[in-house]
Amino acid sequence: MLLTITTTQTPSAPASDLGFLLHKHPDRAQRFEQSFGTAHVFYPEAGDERCTAALLLEVDPQALLRTRTSVSTPDFALAQYVNDRPYATSSLFTAALGRVMRTALRGRCEQRPELARTPLPLELHLPAVPCRPGPERARALFEPLGWTVRAEPVPLDPGLPGWGDSHYLSLTLTGTLRLSEALNHLYVLLPAMDGGRKHYWVDETEVDKLLRAGGVAEAAGEEPEEPAEEPGWLATHPERSWITRRFLDRRQRYVRTALGRLQEAESVLPAEAEDDPAVEERAPDLAEQRIGAVLSVLRSEQADSVVDLGCGSGALLTHLVREPALRRITGADVSTGALARVRESRAELLVGSVVHRDPRFRGHDAAVLMEVIEHLDPSRLPAMEEVVFGDAAPRVAVVTTPNAEYNTHYEGLAEGAFRHSDHRFEWTRAEFGAWSDRVARTHGYTVRRLPVGPDHRDTGAPTQLAVFTRHDPEEGAGS
Amino acid sequence: MTTDTTGTEPRVLGVPEMGLVLLIGVSGSGKSTFAAQHFLPTQVVSSDDCRARVSDDPDDQSASADAFALLHTMVDIRLRRGLLTVVDATNVQRHARGELVRIAKANNLLTTAIVLDVPEALARERNEERPDRDFGPHVIHRQRRDLRSSIKRLDKEGIRKVHVLRGPEEIERARIGLERPWPDKRELTGPFDVIGDVHGCRSELETLLERLGYALTRDTDGRAVGARHPEGRTAVFVGDLVDRGPDSPGALRLAMNMVDDGDALCVPGNHENKLVRVLKGRTARLTHGLDRTVEQLEKETPEFRDRVLSFCDGLVSHLVLDDGKLVIAHAGLKEDYHLRASGRVRSFALYGDTTGESDEYGLPVRLPWARDYRGRAAVVYGHTVVPHAEWLNNTLCIDTGCVFGGELTALRWPEKETVAVPAEQTWFEPVRPAVPEPASDGPPPAVIDMHDLGIDSGRGLHVETPDGAVRADEGSTLAAFEAMSRFAVDPRWLLYLPPTMAPAPSAASPTLLEHPAEAFSAFRGSGVEQVVCQEKHMGSRAVAVLCRDAAAAERRFVPGELGTVYTRTGRPFFADPDVGREIVDRLRAAVTGAGLWELLGTDWIALDGEMLPWSAKAHGLIRDQYASVGAAARASLPAARDALAAAAARGAGVDGLQGAVERRIDQMEGFSRVYRRYTWDTDGAAGLRYAPFMVLASEGREYSDADHLWHMAMAEKLAEAGDMVHPTRYRTVDTTDPQDCDNAAAWWTDLVAAGGEGAVVKPVVGARARGRKGLTQPGLKVRGPEYLRIIYGADYTDPERLAVLKERRNPGRKNGMAMREHKLGLEALARHARGEPLWRVHQPVFATLALESEPVDPRL
């Protein structure tokens with residue numbers, strides 16, 4: 001992976017003074033050992049009129065394996081061994097940049113202090129920058145900072161015609177900026193474009209790194225070079241939320257801390273109309289309405305015990321434990337990871353699946369399958385029906401699932417697409433009606449269906465809910 | 001109660017070999033001596049010993065409560081396990097005996113009492129000789145009083161048999177005669193023809209026996225009075241010979257004579273049970289067709305009626321046959337009850353596991369004991385009318401309702417074939433429809449019980465195989481449970497998951513990581529001389545289960561589909577079901593064209609193979625993982641080369657780096673060539689190719705014992721017959737012939753030079769190959785040096801990298817996993833071929849997936 005920095009002569013200094021700013025002599029190649037390889041700095045060109053410095057990072061794949069510090073994800077996938085890190089500008093590169101050009105990043109230069117404070121005509125080139133959001137995003141990130149951006153997608157493979165472009169950009173930035181600014185922009189924006197993929201574990205210190213490079217805070221224990229008269233480029237960047245989230249690998253807690261500190265920094269500026277895109281996806285209140293609908297069914301059916309089949313990390317359990325009428329609450333899910341996140345101690349938790357017969361499901365007055373059935377292949381539904389309605393046979397069963405007809409109201413959802421990538425199907429009201437009628441008939445239940453969410457005249461509500469109530473055995477004898 | 005006070009001959013005390021024996025006698029009566037003389041030390045549970053174990057003092061009476069708690073626990077465990085257990089305690093008090101009798105009953109076993117009745121003076125004298133016994137004479141006196149008052153009532157306490165030995169001489173003369181449980185006929189190995197509920201359908205019975213090959217004998221009136229099979233087969237009646245039908249006496253006559261002649265066995269049905277009550281003169285409601293039997297029997301002689309009574313009254317509740325592999329009981333029998341004797345067992349065998357409730361037709365609601373049956377013995381039964389005899393968890397109901405106009409069905413054992421003759425007419429109108437109402441769109445779905453996967457065990461899953469047990473730990477079973485639940489195809493399709501394959505040991509060659517020579521020598525070293533080298537296709541592993549017709553799919557797999565293709569983790573291979581169906585149809589056509597249905601005598605077949613191209617399934621992986629790396633390299637390496645060249649030109653270059661970058665450019669080009677080669681355009685099913693390399697199974701058999709030349713011949717037939725079937729190149733190698741090995745290595749070199757992934761080396765004799773240390777690896781993969789660039793990185797061929805890789809390459813864990821999964825694969829196929837219940841087949845399949853979730857170096 002390679003970065004070239006080119007500058008041209010200015011009235012005050014020859015181009016080759018770049019060497020002073022970088023603290024690297026233009027006539028000598030230098031090597032810097034890193035934990036994951038070797039960084040080289042050399043000058044392909046070093047004249048008075050034009051000077052180019054190159055930072056080349058040679059990655060040692062074995063060393064890379066050793067530096068892996070994230071113990072929480074023992075990743076045995078092949079990706080560990082075959083990946084783009086030796087070739088693309090990943091976090092390894094910005095880490096090397098931060099170390100090898102540390103002084104230049106801070107904007108210090110004892111021999112040419114004026115030059116360090118002077119905007120220079122610069123051209124930065126990076127041949128392979130990972131940026132899945134595409135070239136538009138690269139422009140949106142760099143142009144507000146005063147750069148002219150040339151971002152060209154790298155073709156995926158000339159040997160695979162028709163496969164289109166890769167997610168790498170050949171990125172050339174031209175502009176007249178201080179060298180330290182330029183390097184700090186790269187230090188923050190390259191990882192952001194890469195989506196925060198880091199070769200090391202992201203912790204709180206990452207927030208400090210971000211804010212320091214963003215010009216918002218000074219490193220602890222260091223005297224500021226100059227008084228902080230400006231709020232820092234990141235605080236005023238229109239994409240600061242996006243940058244912050246991506247840089248911090250979407251770790252919400254750190255993101256909130258960082259954004260909070262950015263707001264403080266910004267408060268010295270005249271107040272502006274705030275147009276901050278949400279940090280978290282605003283949870284649609286449909287989920288709350290669904291939970292409300294399930295709870296009201298359980299209340300009206302006077303259920304006194306319930307098993308939440310496919311409880312996940314406990315979105316419904318949280319509410320069930322507050323229902324005084326429920327003397328017993330069980331949550332079951334196939335994912336041990338999800339169950340580990342359940343916090344409700346009143347709920348009994350089971351690793352269980354709706355396609356495996358499970359005596360522990362029996363003996364509950366009610367069963368809830370909230371947004372579960374659409375995660376099963378249609379061919380596995382009969383097994384679920386047998387397990388839930390045939391074997392567990394609760395007195396009351398509540399099933400919710402998306403109403404496919406409503407999908408036309410979701411912008412950005414392609415025709416025929418599902419709301420979630422793991423949905424195996426989404427049913428129309430007629431399909432859900434036919435299915436629930438058949439299940440009720442087969443297993444001796446009566447069924448009624450309710451809409452959940454705004455009930456649109458043409459499409460119905462976004463969620464459909466069915467309440468199954470088992471025939472009383474004595475009543476059924478006469479039928 | 002049996003007593004004997006005369007003679008000097010040994011007196012034999014009958015004792016059930018599965019049951020509880022209570023030794024009863026006062027302190028000093030010689031119980032411990034008697035127990036030691038006649039029973040194994042492990043069979044005797046003594047109160048003194050238990051007292052010692054909980055207090056370190058066998059005479060510490062204050063420890064009695066705990067001592068007896070221990071004694072009862074030990075007795076309970078031994079009886080649950082069906083072991084003869086002798087209790088050496090005074091047992092003179094009724095309440096002490098009562099608890100023990102209760103434990104025996106709870107375990108459905110009989111209790112025998114042996115009373116050692118010695119004179120009080122003798123007992124006292126013996127106690128005085130023992131310094132550890134310091135209780136006074138009044139204790140003995142009281143014990144003896146308790147004993148005397150008990151003896152006469154022992155048989156009223158639920159003790160089945162009481163032997164009283166009076167005085168030391170009688171005790172001396174006593175011998176123990178172990179009695180086998182009545183149902184234990186394990187020594188009878190048949191072959192058998194198990195016949196369903198006859199219900200007086202004498203004529204159909206005669207037809208069925210003739211169909212089965214029995215020669216009937218008739219008396220002068222033309223009545224069938226016997227039937228014998230020329231090959232010595234034995235008929236077994238599951239009971240309910242009588243009632244409802246036109247000729248119960250005729251059916252009884254034939255069956256009774258066959259039993260008397262040794263041509264048949266019989267267990268009682270609930271109808272025989274009720275008939276006995278009537279014949280004994282007790283009152284019974286003449287319902288459910290009993291009135292007809294009574295009427296018909298009135299035309300017979302009193303002698304005949306007496307014979308019927310003694311026959312029916314003497315029938316044993318159930319029979320265990322053929323070395324314990326076959327159990328016959330009228331209404332079935334759960335495993336805990338096999339070989340046991342109690343009212344509960346008899347009631348279960350006669351009436352089934354009833355709730356005591358009645359259904360809407362007034363008939364008892366039956367609990368689904370067969371659904372929960374997990375025993376290894378097959379249980380064949382009648383009692384409940386079913387439309388067809390169908391195996392469920394190793395149980396089979398063969399009452400197909402002949403008397404109601406259905407069929408009279410027999411099961412041939414051990415062949416496991418059913419033979420049926422239709423009813424001549426509807427002899428009796430059923431109260432309830434014989435065929436259950438069509439409640440759903442087909443038979444109930446096959447559902448695996450989570451318990452059978454060890455999900456609630458906390459210990460993971462053990463699978464027994466002939467080559468040792470294989471264990472999947474709890475974490476991996478939970479991971480597999482999630483994957484199976486969310487992604488897998490219907491478990492009925494999953495008769496096998498392909499095991500992971502071990503790589504050849506590291507190559508001796510300094511420039512290669514893998515080479516065939518090491519695979520040959522590994523097999524030679526384990527005693528396998530003949531191997532086959534098969535071309536290894538780079539695609540995605542795919543198991544194809546194909547049915548000839550809808551009937552085969554419905555009978556053996558899933559109704560409504562004609563086959564499926566699934567991945568090595570049991571997921572549907574094709575996200576689009578229409579594409580899946582098209583592939584299944586094209587592969588079925590290939591099987592038809594190749595004539596394999598006829599050749600293998602089957603209407604379904606399962607194949608293991610590779611679906612090509614790799615890009616069909618791995619499109620996303622190729623794009624994100626491989627082509628992207630190539631793109632980044634192609635963008636940055638030439639730029640780095642140019643920058644280095646410019647720096648070098650002005651004398652400020654980086655030593656050695658230019659050459660390294662040039663070499664990297666070449667290596668990345670080699671890397672990109674690899675994945676491009678396994679990529680071609682497909683559109684739905686168009687462009688897909690399937691390369692089968694093993695026939696896994698077909699009806700009634702599996703092919704892990706067939707040699708690989710046979711498998712390759714089948715693959716060739718398929719490739720000739722179906723245009724989507726891709727042939728596999730192969731050659732055999734004698735690992736003891738160096739020249740042959742060299743030639744095969746040259747063949748491999750050509751193969752990989754032309755872009756092949758590599759080869760798999762397998763013992764010619766097939767997947768069950770055994771070497772000096774038992775089962776061998778079913779194959780070792782030998783991958784080509786270019787292919788390995790996408791596994792180890794483009795630059796792995798740098799000498800220093802290669803040296804490090806070889807030094808750290810540790811295939812031990814991978815080899816172990818491959819072997820464990822191989823055992824599971826063989827076991828799954830064997831269980832499926834034996835027609836074992838779904839949960840039994842699913843266990844090794846599930847365990848294979850669980851093992852796959854364990855961490856192992858993915859590059860091996």
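Here the protein sequences line up with chains A and B, keeping their order. Just so it is clear: in the first sequence, position 349 is 349 by UniProt numbering, and no numbers are missing. Just so it is clear: in the second sequence, position 295 is 295 by UniProt numbering, and no numbers are missing. Backbone N, C-alpha and C define an ideal beta-carbon position, used for all residues, glycine too.
Where residue i meets chain A, residues with beta-carbon distance less than 8 Å
i, result
"B/PHE481", "VAL334, VAL351, SER353 and HIS356"
"B/VAL654", "ALA29, ARG31, HIS40, PHE42 and LEU56"
"B/VAL447", "VAL355, HIS356, ARG357, ALA383, GLU386, VAL387 and ASP391"
Minimum Cβ-Cβ distance from residue i to chain A less than 7 Å
i, result
"B/GLY793", "yes"
"B/GLY630", "yes"
"B/ASP473", "no"
"residue 864 of chain B", "Because residue 864 of chain B is not part of the residues shown, which for chain B are 1 to 860, the question remains open."
"B/GLU854", "no"
"B/ASP490", "yes"
"B/ALA627", "yes"
Beta carbon proximity, residue i to chain B, threshold 7 Å
i, result
"A/LEU445", "Contrary to the premise, residue 445 of chain A reads as Tyr rather than Leu in this sequence. Chain B, which has no Cβ nearer than 7 Å to the Cβ of A/TYR445, makes this no."
"A/LEU156", "yes"
"A/ALA466", "no"
"A/VAL82", "yes"
"A/SER296", "no"
"A/TYR87", "yes"
"A/SER421", "no"
"A/GLY412", "no"
For residue j and residue i, the rounded distance between their alpha carbons
i, j, result
"B/PRO692", "B/ALA589", "15 Å"
"B/ALA640", "A/PRO144", "29 Å"
"B/VAL238", "B/LYS334", "16 Å"
"A/PHE468", "A/GLY390", "13 Å"
"residue 903 of chain B", "B/THR749", "Since the displayed chain B opens at 1 and closes at 860, residue 903 of chain B lies outside it and no answer follows."
"B/VAL308", "B/PRO246", "17 Å"
"A/PHE142", "A/THR148", "8 Å"
"residue 862 of chain B", "B/VAL558", "There is simply no residue 862 of chain B to check, as chain B begins at 1 and stops at 860 in what is shown."
"B/ALA606", "B/GLN425", "42 Å"
"B/GLU120", "B/LEU241", "57 Å"
"B/VAL345", "B/MET450", "28 Å"
"A/THR73", "B/GLY324", "Confidence at A/THR73 is low in this model, with a pLDDT of 34, below 50, so the placement of that residue should be treated as unreliable; the coordinate-derived value is given next. Those two C-alpha atoms are separated by around 51 Å."
"B/ALA469", "B/HIS462", "6 Å"
"B/ALA847", "B/ALA480", "8 Å"
"B/GLY401", "A/VAL342", "53 Å"
"B/ALA685", "A/TYR410", "33 Å"
Proximal chain C residues relative to residue i, where beta-carbon distance stays under 7 Å
i, result
"B/ALA635", "Absent from the structure is chain C; the protein chains it does hold are A and B."
The ligand ATP heavy atom lying under 6 Å from the CB of residue i
i, result
"B/PRO559", "With respect to small molecules bound, the structure shown includes none, and the ligand ATP cannot be examined in it."
Within chain A, the residues that residue i reaches when beta carbons sit closer than 7 Å
i, result
"B/GLN61", "What B/GLN61 touches in chain A: nothing, since even the nearest Cβ is about 45 Å away."
query: Are the stretch 258-265 of chain B and the stretch 282-299 of chain B in contact at 8 Å, needing three or more beta carbon pairs?
result: no
message: Restricting to runs no shorter than 3 residues, where is the beta strand (DSSP E) found entirely within the stretch 76-104 of chain B?
response: Segments of the beta strand (DSSP E) lying fully in the stretch 76-104 of chain B: 85-88.
- request: Taking only runs that begin and end inside the stretch 134-196 of chain A, name each unbroken alpha helix (DSSP H) of 4 or more residues, in chain order.
  value: 135-142 and 179-193
field: Inter-stretch contact at 8 Å, needing at least 3 Cβ pairs: the stretch 697-713 of chain B / the stretch 664-684 of chain B
entry: At 8 Å Cβ cutoff, the stretches do not touch.
task: Give, in chain order, every unbroken run of the alpha helix (DSSP H) that is at least 4 residues long and sits entirely within the stretch 108-144 of chain B.
output: 120-129
- prompt: Which residue spans inside the stretch 207-232 of chain B form an unbroken beta strand (DSSP E) run of at least 3?
  reply: 215-218 and 224-228
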